[in-house]
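Beneath this line is the structure, given in structure tokens, with notes to follow.
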Amino acid sequence: MVFLHGYLSSKEAFAAQVAYFSQFYRVTALDFIGQGASEPLQKPYSVEEYAIWTEEALSLLGVENPSVVAHSFGCRVLIKMAKRRRQVFDKLILTGPAGVVLPRGLRYRYKVAVYRLVKKFAPRFAEKHFGSAEYKTLSPVMRESYKKIVNEDLRADAAQIQNEILIIEGEADTTTPMKQAQAYLAVMQNARLATIEGGHFAFAENPLAFNLLVEEFLEDVRAEHDMDI
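Sequential numbering from 680 applies to the sequence shown in this note's numbering.
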């Protein structure tokens, strides 16, 4: 079993899951390059480049066809990998999945227009005073990578995935709200949706409920395959 963390997070976010599932599986938890304890990025990475890096890391570790639990940004990487190579993963669990670009209102478009105008004449001021708090903490190379990541809608990639998928959404998640999970559910061929109490990190806030949902999903899918045989 492999765990893929969210953006600017680390493998330690999954401490409760690693401790629990290590009883039954060989568990691998990675820190993406440029995040956690991994080496810094030397150039901006797109989601595709993160997917290639992760494929190479798992290959070096001798990990083949694992089930995967991915959170937020980790879901972006998982989707790219599963689309690139159909047999790279077994069962997929997505929690707080990112990668859906929802329609943006007039207020957002106005802010973007103002940012672009200010950046043209005062780029340093624009970088300092516009953007999310998360964006402002990033190094220049990570900022360029962030731009590549957040503007890519992955629904077309997700529609090509044939794996069995469980999406677990925190009922109070405002970072990647239910609309994003439902958008993925609408295009994924073999996906189901479950909810638990908690926000964007519901798996850490409510680990018992999360772990039981994952365990039940893996056992249900395994039982269905055994019946087919």
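For each residue, glycine too, the CB sits at the ideal point set by N, CA and C. Computed from a prediction, not measured in an experiment: that's the story for all the values here.
(request) Might you give, ordered along the chain, the residues of its own chain that have their beta carbon closer than 7 Å to the beta carbon of lysine 722, omitting 5 neighbours on each side? (result) Within the same chain, lysine 722 has close Cβ partners Val820.
(message) If you reduce the DSSP assignment to three classes, tell me which class alanine 792 lands in.
(response) At alanine 792, the pLDDT of 47 sits below 50, so the modelled position is not reliable and the matter cannot be decided from this model.
(request) Give the single residue among Glu895, Val742 and Gln766 whose Cα lies nearest to the Cα of arginine 871. (result) Glu895
(message) Which residues does DSSP list as the beta-bridge partners of histidine 750?
(response) Answer is Thr774.
(request) Could you tell me the boundaries of the beta strand (DSSP E) in which arginine 871 lies? (result) 870-875
(message) Going by the DSSP bridge assignment, what does phenylalanine 682 pair with across the sheet?
(response) Ala708 and Val748
(request) Evaluate contact between the segment 841-849 and the segment 733-743, counting only Cβ atoms and requiring at least three cross-stretch pairs below 8 Å. (result) no
(request) Would you identify the three-state DSSP class for isoleucine 846, choosing helix, strand or coil? (result) Per DSSP, reduced to three states, the secondary structure at isoleucine 846 is strand.
(message) Let me confirm a value: asparagine 885 is counted as buried when at least 16 other C-beta atoms fall within 10 Å, else exposed. Which label applies?
(response) buried
(request) Would you tell me roughly how many angstroms separate the C-alpha atoms of leucine 709 and leucine 864, rounded to the nearest one? (result) 26 Å
(request) Compute the Euclidean distance between the alpha carbons of phenylalanine 882 and lysine 690, then round it to the nearest angstrom. (result) So the two alpha carbons sit approximately 13 Å from each other.
(request) Quick one: residues in its chain with C-beta nearer than 8 Å to the C-beta of valine 756, no 5 flanking neighbours on either side, listed in chain order? (result) The answer, listed in chain order, is Leu683, Phe711, Val726, Tyr729, Ala730, Thr733 and Ala749.
(request) Output the distance between the C-alpha atoms of proline 856 and glycine 685, rounded to the nearest integer angstrom. (result) 15 Å
(message) Between the alpha carbons of isoleucine 875 and lysine 826, how many angstroms are there, rounded?
(response) 30 Å
(request) Using the Cα positions of lysine 913 and alanine 838, report the straight-line distance between them to the nearest angstrom. (result) Because the chain spans 680 through 908 in this model, residue 913 falls outside it and cannot be assessed.
(request) Count the other CB atoms, across all protein chains shown, that sit within 10 Å of the CB of alanine 835; report buried if there are 16 or more and exposed otherwise. (result) exposed
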